[in-house]
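For reference, the structure is listed below as structure tokens.
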Amino acid sequence: MMKLSAGDKVLQVFIYILMLLLGFVTLYPFWNSLVISLNSGADTALGGITFWPRSPTLDNYEVVFRDSRIGQAFLISALRTVSGTLLSVLFTAVLAYGLSRHELMGRKYYMVFCVVTMYFSGGLIPTFLLLREFGMMDTFWVLIIPGMISVYNMIIFRTFFLGLPAGLAESARIDGCNHIGVLIRIILPISGPVVATLSLFTAVYHWNEWFSASIYINNPNLIPIQTLLKQILNSNIVTDQLLQAIGTNAAAQDRLSLVQTVTSKSLIMATTMVATLPIVLVYPFLQKYFVKGVLIGSIKE
Amino acid sequence: MVLPALVFIFIFSYLPMYGVLMAFQDYQLFGGFFNSPWVGTKHFAAFFSSPDFWTVMRNTIVISLLKLGIGFPAPILLALMLNEIRALLFKRIIQTVSYLPHFLSWVIVGGVVGSMLSTDNGSVNMLLLKLNLIHEPVSFLSVPEYFWGILVGTGIWKEMGFAAIVYLAAIAGIDPHLYEAAAIDGAGRFKQIQLITLPCIRPVIIIFMILAVGNILNAGFEDILILATNPVLRDVSDVIDTYVYRMGFLNNRYSYAAAAGLFKAIVSVGLLAAANRAARKMGSSLW
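Take a look at the structure:
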């Protein structure tokens, strides 16, 4: 290691301080929200809640978990994430595999056909009206099917497939395997990193996406968690939520204590944490995949 | 076997393109695309002469330029600084933390930011009160003057760490001998960043710059919908995309909204083409 000059040392110290500050500014808002969600709402209203809960309680979460809509929305999000990711990654891989095969006639034209849609689109309103004319409003599938083929992901897949040794697929073909078999038994298993990365990105997208549900879905039983959270943030339905939760299945004693401690702010923070946690728990472990994924994605340009 | 996927693309991406024709119609809900009367450029004329036009254009351009001017260099700066850190564990932790907001939805980020800035004992107000910088809580998200700052700042805070990945990878690919040679010649870290790191990652910076320029009319959509819930902010927050959304879904003026959307699409394609040409020119001067 080279010796550092005095100027370099000053620079080092400056950077360490700045990075610590950055880490703090990034983490603190989430930490503070977590703390508020774990603190009695009535106590939070007095102010001064920063790093630790002053009057720790799980009441906020109790109300959140008692609310059947939140459980339902969580379930819809989970279903959407799993089925959306499986279908999208599979269909996109099939398309990419097809377009990576040299014997496919006119594959250049098919490529252009796909890539055009990355730059031109009908726009929000025509897409909405089309889906409505298809009668897809208020169905679960409207959240998954329109975006099932991702051209961007297809290009990443295809680039990767083109880099695989051609003999691999050929020998399987000679052994009597059809194309679907080649893709599923040979190509996908050796494409681990790409499949992992694209699945991760697709899953995060599906878990986080709230806008399409907000315009395509009215049925309260089909609302994903993020869309519900957005509705909660924008209105006073938290108060109903509170009343509903304590009105139905709580003993009189419980009701009294919940009304006294839970506020809309503490409830919003608890709901936010419920929507946040699944991703916060997994993303650090997937770091090596997405770093790789970002790089594959940026090289294709 | 590619056929089903191509049919999907045709249905969900190409059919809506046909729908842009409705910008030239008076779209009627029950008539559909085929039975609505043609009205030529009436909706475009209405959009251009509407008083909203200039507000929306100004906001779109100002917000995009702010995001480009401040949001674009931020991850480069972060990557340069992370690269100077010798303690590997510390570096990893800071990096992992810096990605975090990228993986959360705008709804969550909006809720957390709203809580931080709220007058109801939000941490920012508490801090400013303690420091005696203000004397009563400020409702940050309902003051038009602060909105652009909050919007751009939140965007940087959310995406900076993730965007830095590519630059860090580019920096990692630089030949270490270059630094050794520079150090022997007496260059300090600062000089080394200036004379080696930056020139070496210039191609990557240029590529991303071009992509960003092509995107310039996308001032934002989700972030604005989430952060600008207070109608007081409309004069500073409405951009073309949110305007299309508002006109289309909240006022049910489908054709008018489609016209505004089509206008944006046309200008965007023009900018993309211009950026691509610039790319070719810069590309040739680079090598």
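Here the protein sequences come in this chain order: A and B. Sequential numbering from 1 applies to the first sequence in the working numbering. Sequential numbering from 1001 applies to the second sequence in the working numbering. Even for Gly, the Cβ is constructed at its ideal location relative to N, Cα and C. On a predicted model such as this, the values are computed, not experimentally measured, just so you know.
Just grab the DSSP bridge partners of residue i for me.
| i | result |
| --- | --- |
| asparagine 39/A | Pro56/A |
Could you tell me whether the Cβ of residue i comes closer than 9 Å to any Cβ of chain B?
| i | result |
| --- | --- |
| phenylalanine 157/A | no |
| asparagine 234/A | yes |
| methionine 137/A | no |
| lysine 288/A | no |
| isoleucine 145/A | yes |
| aspartate 8/A | yes |
| leucine 130/A | yes |
| threonine 92/A | yes |
| alanine 45/A | yes |
| alanine 73/A | no |
| leucine 20/A | yes |
| isoleucine 15/A | yes |
| lysine 308/A | There is simply no residue 308/A to check, as chain A begins at 1 and stops at 301 in what is shown. |
| phenylalanine 161/A | no |
| proline 284/A | yes |
| threonine 127/A | yes |
Against chain A, does residue i count as a neighbour if the rule is that its beta carbon must be under 9 Å from one of theirs?
| i | result |
| --- | --- |
| leucine 1272/B | yes |
| serine 1123/B | yes |
| proline 1004/B | yes |
| isoleucine 1174/B | no |
| alanine 1310/B | Residue 1310/B is absent from the structure shown; chain B starts at 1001 and stops at 1287. |
| leucine 1064/B | Checking the displayed sequence, the identity of residue 1064/B turns out to be serine instead of leucine. Output row for serine 1064/B: interface = no. |
| valine 1152/B | no |
| leucine 1141/B | no |
| glutamate 1159/B | no |
| phenylalanine 1162/B | yes |
| arginine 1086/B | yes |
| methionine 1057/B | no |
| threonine 1229/B | yes |
| valine 1138/B | no |
| tryptophan 1054/B | no |
| arginine 1189/B | yes |
| isoleucine 1070/B | no |
| phenylalanine 1103/B | yes |
| glycine 1248/B | yes |
| isoleucine 1108/B | yes |
| valine 1244/B | yes |
| serine 1098/B | yes |
| valine 1113/B | yes |
| proline 1051/B | no |
| aspartate 1223/B | no |
| valine 1166/B | yes |
Taking 8 Å as the limit between beta carbons, can you name the residues of its chain near residue i, skipping five residues before and five after?
| i | result |
| --- | --- |
| asparagine 1132/B | none |
| alanine 172/A | Gly181, Val182, Arg185, Ile186 |
| serine 1285/B | Any reading at serine 1285/B must be qualified, since the residue scores a pLDDT of 38, below 50, and its modelled position is unreliable; the value itself is stated next. Result list for serine 1285/B: empty, nothing under 8 Å. |
| leucine 1003/B | none |
| aspartate 138/A | Tyr216, Ile217, Asn218, Asn219, Leu222 |
| valine 1267/B | Leu1217 |
| leucine 1128/B | Ile1134, Val1138 |
Between residue i and the rest of its own chain, which residues show a CB-CB distance below 6 Å, the 5 nearest in sequence each way excluded?
| i | result |
| --- | --- |
| proline 1137/B | Thr1119, Asn1125 |
| threonine 227/A | Trp210, Ala213, Ser214 |
| asparagine 1083/B | Ile1171 |
| alanine 1164/B | Pro1075, Leu1078, Ala1079 |
| glycine 293/A | Thr197 |
Since residue i contacts residue j with CB under 8 Å, what's their CB separation in whole angstroms?
| i | j | result |
| --- | --- | --- |
| leucine 99/A | methionine 111/A | 6 Å |
| isoleucine 279/A | leucine 233/A | So it is not a contact: roughly 18 Å between Cβ atoms. |
| valine 1239/B | tryptophan 1148/B | That pair is no contact at about 11 Å. |
| threonine 26/A | proline 1101/B | 6 Å |
| isoleucine 125/A | glycine 1261/B | 6 Å |
| asparagine 1121/B | threonine 44/A | 7 Å |
| proline 1016/B | leucine 130/A | 5 Å |
| threonine 1242/B | isoleucine 1224/B | 5 Å |
Might you give, ordered along the chain, the residues of its own chain that have their beta carbon closer than 7 Å to the beta carbon of residue i, omitting 5 neighbours on each side?
| i | result |
| --- | --- |
| alanine 1046/B | Tyr1256 |
| leucine 277/A | none |
| lysine 33/A | For clarity, residue 33/A is serine in the given sequence; the question names lysine instead. The answer, listed in chain order, is Met269, Thr272, Met273. |
| valine 1039/B | Phe1024, Gln1025, Asp1026 |
| valine 89/A | Val195, Leu198, Ser199, Thr202 |
| leucine 87/A | Ile144, Met148 |
| tyrosine 1099/B | Gly1161, Phe1162 |
| arginine 107/A | Leu99 |
| task | Can you check the segment 1078 to 1130 of chain B for any beta strand (DSSP E) of at least 3 residues that lies completely inside it and give the ranges in chain order? | result | none
| Ordered list of alpha helix (DSSP H) runs contained in the segment 1198 to 1283 of chain B, each at least 4 residues | 1198 to 1214, 1222 to 1227, 1234 to 1237, 1240 to 1245
| Within the segment 192 to 243 of chain A, ranges of the alpha helix (DSSP H) (whole runs, at least 4 residues) | 192 to 208, 211 to 216, 225 to 234
| request: Using a Cβ-Cβ cut-off of less than 8 Å, give me the residues of the segment 27 to 43 of chain A that come near chain C, in sequence order. | output: Considering every chain present, this structure includes no chain C. Its protein chains are A and B.
| message | Ignoring anything shorter than 3 residues, give me the beta strand (DSSP E) runs that lie fully in the segment 100 to 127 of chain A, in order along the chain. | response | none
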